[in-house]
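Beneath this line is the structure, given in structure tokens, with notes to follow.
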Amino acid sequence: MNTKLGSPNTSLAQARSERYRVDLLAELPAASARGLRAIGSRRRYRDGKFVQKRGDAADHALVLLSGRFRVVAFTVGGTERMTRWLEAGEITGISSVLGNAPVPVDLVADGDVEVLVLPRQPLLDFLERDAPACLAVARLLSLRVNGLLDTIFISSEDTLHARVWATLQVLAAENGQPLPGGRTLLRISQGDLSHVVGASRQRVNEELRKLQAGGSVRLGYRWIEVLG
Numbered sequence: 001m002n003t004k005l006g007s008p009n010t011s012l013a014q015a016r017s018e019r020y021r022v023d024l025l026a027e028l029p030a031a032s033a034r035g036l037r038a039i040g041s042r043r044r045y046r047d048g049k050f051v052q053k054r055g056d057a058a059d060h061a062l063v064l065l066s067g068r069f070r071v072v073a074f075t076v077g078g079t080e081r082m083t084r085w086l087e088a089g090e091i092t093g094i095s096s097v098l099g100n101a102p103v104p105v106d107l108v109a110d111g112d113v114e115v116l117v118l119p120r121q122p123l124l125d126f127l128e129r130d131a132p133a134c135l136a137v138a139r140l141l142s143l144r145v146n147g148l149l150d151t152i153f154i155s156s157e158d159t160l161h162a163r164v165w166a167t168l169q170v171l172a173a174e175n176g177q178p179l180p181g182g183r184t185l186l187r188i189s190q191g192d193l194s195h196v197v198g199a200s201r202q203r204v205n206e207e208l209r210k211l212q213a214g215g216s217v218r219l220g221y222r223w224i225e226v227l228g
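The end of the sequence shown is residue 228 by our numbering, with every number in the run present.
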């Protein structure tokens with residue numbers, strides 16, 4: 001997905017069809033999905049709970065069954081930087097399990113969540129004997145690499161206006177709710193958006209108001225509607 005979309009008039013249709021989010025259990029054949037569930041155990045977390053922290057050992061992966069996670073990191077000065085949300089069906093921690101590397105980000109429950117905990121060794125054994133599951137994991141990891149490249153490209157945009165617009169398009173394609181007429185509802189506060197963009201809330205608000213004046217978005221309390 002090309003996020004360097006220059007003009008606020010670009011449609012989200014193509015971006016939405018090429019979204020990087022993969023619902024792993026839905027992607028797998030029924031037998032593979034049953035096998036994956038069989039090695040896991042369910043666990044629930046309350047809103048605001050840190051489920052994983054940067055630097056944790058890679059002793060399991062998590063499939064999000066319901067709710068969503070905020071994926072965050074913190075600067076040296078302690079400022080939170082949210083990068084994205086993980087939605088129901090996505091797996092997290094799989095790259096750390098496969099690479100035997102520490103968890104790279106913090107995961108925070110955004111509302112109450114339920115997860116399927118997949119212990120490292122049983123998961124590796126499962127992947128060794130289940131080719132469709134291996135291919136599904138390879139596909140989702142490839143898409144995440146593409147998403148990471150998009151993030152890098154967005155951060156190198158020449159203006160804050162371009163960064164805000166490109167970030168909105170990616171978040172809308174990944175986490176938005178499609179509405180009639182090609183519109184997309186994104187439930188995000190301007191504070192969270194400023195964390196993703198990496199600029200102050202005041203400066204991001206100024207750019208959002210410019211986009212609203214130009215007919216590209218509508219702004220509400222903790223929501224932004226991206227217009228088709």
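All C-beta atoms, glycine included, are put in the ideal place defined by N, C-alpha and C. A quick note: this is a predicted structure, and the numbers were derived from the prediction, not measured.
DSSP beta-bridge partners of residue i
i    : result
G220 : W223
Y45  : V113
V63  : I91, L116
E80  : F74
L185 : Q177, E225
Q52  : L107
L86  : F69
Sequence-distant residues of the same chain with beta carbon closer than 6 Å to residue i, five excluded per side
i    : result
P119 : H60
T92  : L62, L86
H161 : E207
R34  : none
K49  : A109
K53  : D106
Cβ distance (whole Å) where residue i is taken to contact residue j below 8 Å
i    : j    : result
V63  : L25  : 7 Å
E27  : A136 : 5 Å
Q212 : R218 : 6 Å
A57  : P102 : 7 Å
I154 : A166 : 5 Å
V164 : D150 : The Cβ separation is near 15 Å, so there is no contact.
D23  : E90  : 7 Å
L141 : S95  : 6 Å
Own chain residues within Cβ distance below 7 Å of residue i, not counting five before or after
i    : result
V117 : G40, S41, R43, H60, L62
S66  : A88, V113, E114
R144 : Y20
A133 : L28, S32, L36, F126, L127
E80  : V72, F74, H195
A199 : L160
heavy atom of the ligand NAP below 7 Å from residue i C-beta
i    : result
H195 : The ligand content of the structure shown is nil, which means the ligand NAP is not present either.
Residues near residue i in its chain [Cβ-Cβ closer than 8 Å; skip 5 each side]
i    : result
W223 : L185, L186, R187, I188
F69  : V51, W85, L86, T92, L107, V108, A109, D110, V113
(request) With a floor of 4 residues, list each alpha helix (DSSP H) that falls wholly inside the segment 91-175, ordered by position along the chain. (result) 94-99, 120-129, 131-155, 160-175
(message) Using a Cβ distance threshold of 8 Å, determine whether the segment 78-95 contacts the segment 170-182, with at least three qualifying pairs required.
(response) yes
(request) State whether the segment 102-115 contacts the segment 44-56, with contact taken as three or more CB pairs (one from each stretch) at a distance under 8 Å. (result) yes
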